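Have a look at the structure below, then the notes.
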Amino acid sequence: MIKIPEYVERRERLLEQMTPGSVALVPAAKALRRSHDTDFPFRQDSDFYYLTGFNEPDALLILDKDTEKTTILCREKDQLAEIWEGRRLGFTQAIDVLSVDSAASIANMDKILQSSIDKKDIVYFAQGNFDWFDSAVLSAMNGLRASPKKGFMPPKQIQDLRPLIHEMRLIKSEHELALMRRSAEISSKAHCLAMEFCHPGAYEYQVESVIQHHFMMNGARNPAYSSIVGGGENACILHYTENQDALNDGDLLLIDAGSEYHGYAADITRTFPINGKFTPEQKALYQIVLDAQLAAIAWIKPGCWMSQALEAANKVLIQGLLDVGLLQGDPEVLLKENAQKEYFIHGLGHWIGLDVHDVGVYKIDGKERPFEPGMVLTVEPGLYIAPHLNVPEKWKGIGIRIEDNLLVTENGHEVLTDAVPKSIKDIESLMQS
Ligand code: GLY
Ligand code: MN
Ligand code: MN
852 MIKIPEYVER RERLLEQMTP GSVALVPAAK ALRRSHDTDF PFRQDSDFYY
902 LTGFNEPDAL LILDKDTEKT TILCREKDQL AEIWEGRRLG FTQAIDVLSV
952 DSAASIANMD KILQSSIDKK DIVYFAQGNF DWFDSAVLSA MNGLRASPKK
1002 GFMPPKQIQD LRPLIHEMRL IKSEHELALM RRSAEISSKA HCLAMEFCHP
1052 GAYEYQVESV IQHHFMMNGA RNPAYSSIVG GGENACILHY TENQDALNDG
1102 DLLLIDAGSE YHGYAADITR TFPINGKFTP EQKALYQIVL DAQLAAIAWI
1152 KPGCWMSQAL EAANKVLIQG LLDVGLLQGD PEVLLKENAQ KEYFIHGLGH
1202 WIGLDVHDVG VYKIDGKERP FEPGMVLTVE PGLYIAPHLN VPEKWKGIGI
1252 RIEDNLLVTE NGHEVLTDAV PKSIKDIESL MQS
């Protein structure tokens, strides 16, 4: 767990960046209802969690630049509600537990919002994130506007708070990295167990259950995203999550699954033969994807860019596709034409952290930003020979992706997910052991 001082320090860093005369508002997520009167598993808003570590719905964090005061609004203690719905921290305890300056009941949010933003020049919040909160802020502003004789004055400007928090979230702290390493470790082991369990005739959902079981047995109650377990041509559906088919002898299985551990995601993909032995066609395409991934990974170091990693991967993919006859032409021309796009139809990777597709801009003033120590990203090239493509039959239905999570370090990178085998030899030997 991350200790409370780190959350305090994050709030201080955010306050430092705010303009004098401003206030920042960060609402918690709300519980999401399903089937009349039961809820989806609660998932806290990542920005709110990053600044508080507080995992209850119906809460609001208020930061005042001028007084440097931090206030939390949260649910009141309520014996009956807690017996039905679960424990609540309560605002009296919140001051100590969350180390804030003051706390109050969320039931008074409208009134407190008004007084918090009164006579401020700027109110920072993430407009458009929650409709209910947009309305709450606008009606607080209208409330102030409605009573000028009382000396009320609404803020002159609304500013987006996200860029400030998201730049902070992009560079991971040691505490965050410890959680990300653990999430990667749990997820890597889950992939190994899935390889060991996999056999012709098993169902995709059974393989998913092996993964899910390992996540939960290790304190990661939820995956960071719906697990993709796609056998045969299902691997060519990028976001395949039905996971309902039987696995066929002679096909590949693509698994894209990662745990969420104390809020932090892992995002791993491995592709392997259901019967433990690659066919010559599968082997040829698999090796191309693996070589492309390794070529890309070599560029993950401070000062380099994602576009350099992508170009390295694309060169390998194009040469490989030429070698097996799935592309024809001059490699340089094919590279300029992005000819690999027919078979590699998604991006090379993304930031990862509290969200699987984590926050942080990829370009600054229209220019690509270089990697910096503390960034964590995925590298995930693939080749998908979908059945509708006009290629020889022997290639059709092969879908391959290999995805790892990398931390940019001072001197290069650390692969957080290298405990899952990915060479042909290592995969075949794990599956046959
Ligand atoms: N699992 C989602 C992704 O790889 O981006
Ligand atoms: Mn993935
Ligand atoms: Mn990914």
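Okay, so the sequence shown: first residue is 852 according to the working numbering, each after it adds one. Just so it is clear, CB atoms sit at the ideal spot from N, CA and C, and this is done for glycine as well. Bear in mind the structure is a predicted one, so any value in this text is a computation, not a measurement.
Cα atoms of Ala-1164 and Leu-1098: separation of roughly 30 Å, rounded to the nearest angstrom. Taking a cut-off of 8 Å for Cβ pairs, the segment 1224-1236 and the segment 1195-1213 touch, as three or more such pairs fall below it. Restricting attention to Cys-1087, Val-1259, Asn-1069 and Glu-1244, the CA atom closest to the CA of Trp-1156 is found in Val-1259. Here the alpha carbon of Ala-1270 sits roughly 12 Å from the alpha carbon of Leu-1044.
CA-CA distance, Asp-947 to His-1026, rounds to 21 Å. By the 16-neighbour rule on beta-carbons within 10 angstroms, Ile-963 is buried.
Distances from the CA of Lys-928 to each of Gln-944, Ile-913, Leu-914 and Lys-916 were compared; the closest alpha carbon is that of Gln-944. Taking every protein chain shown into account, the CB of Pro-1005 has 16 or more other CB atoms within 10 angstroms, so this residue is buried.
With a cut-off of 6 Å, the C-beta of Asp-1118 is classified as near ligand 3, since at least one heavy atom of the ligand falls inside that distance. Looking at the backbone, the Cα of Asp-1142 and that of Gln-1159 are separated by about 15 Å.
Proximity to Gln-895 across His-1113, His-1264, Pro-1182 and Ala-1135 peaks at His-1113, based on C-alpha coordinates. Annotated three-state conformation of Val-874 is strand, per DSSP.
Here Phe-899 carries a helix assignment [DSSP, helix/strand/coil]. Shown here, Ala-1147 sits in a helix according to DSSP, grouped into three states.
Note: Thr-1229 is bridge-paired with Asn-1256 in the DSSP secondary-structure output. Two segments are said to touch when three or more pairs of C-beta atoms, one from each, lie closer than 8 Å; by this definition the segment 989-1003 does not touch the segment 1067-1086. Closest by C-alpha distance to Val-988, out of Asp-1107, Leu-911, Tyr-858 and Ser-1034, is Leu-911.
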